[in-house]
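Below is one structure, written out as structure tokens; the observations come after it.
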Amino acid sequence: MGAKVSKISAQEEARIAKKCVARRTAYYGCVAANKADPKACERLEAALVMCTASELASCKEASGEHERCFTSLMNTGRYNGRRDCTVELDALKAALKRHGAYPFPQA
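Written out as structure tokens, the structure is:
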């Protein structure tokens, strides 16, 4: 049986649209310009995932964990012995997926 999908409220959608407009524009511009190389846009996608999740109350814990990881990486180059935040980013993507907000629609 699949995971239950809970939709994002209109208020959350409006906050996300306002706060994440630059990241969304950059991501979709990159995707359009790099159709042959989807990996070229991974960092922009991650930025959009982080921005979107930060505006959802149900993603607060996962967002906080990713923020701690990212800050530690920027300051020390490591987080819990790792050199990336893939685990935390994947948790954010999973949380957004439960809301029907990920993967992002392709333009």
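The working numbering numbers the first residue of the sequence shown as 33 and each following residue consecutively. Heads up, the beta-carbon is just placed ideally off N, CA and C, and yes, glycines get one too.
Three-state class that DSSP yields for residue i in the structure shown
| i | result |
| --- | --- |
| residue 111 | strand |
| residue 122 | helix |
| residue 132 | coil |
| residue 48 | helix |
| residue 33 | Caution applies to residue 33, whose pLDDT of 42 falls short of 50 and renders its modelled position unreliable; the value that the coordinates give is listed next. Coil. |
| residue 68 | coil |
| residue 117 | coil |
| residue 87 | coil |
| residue 138 | coil |
| residue 104 | helix |
| residue 41 | coil |
Assigned exposure category for residue i - 16 Cβ within 10 Å defines buried
| i | result |
| --- | --- |
| residue 119 | exposed |
| residue 33 | With a pLDDT of only 42 at residue 33, under 50, the local geometry of the prediction cannot be trusted, and the value read off the model is given with reservation. Classification of residue 33: exposed, given that the 10 Å Cβ count is below 16. |
| residue 64 | exposed |
| residue 87 | buried |
| residue 81 | buried |
Residue i and residue j closer than 8 Å at C-beta
| i | j | result |
| --- | --- | --- |
| residue 83 | residue 55 | yes |
| residue 62 | residue 72 | yes |
query: Counting Cβ pairs, one atom from each stretch, are 3 or more of them under 8 Å apart for the stretch 93 to 103 and the stretch 120 to 131?
result: yes
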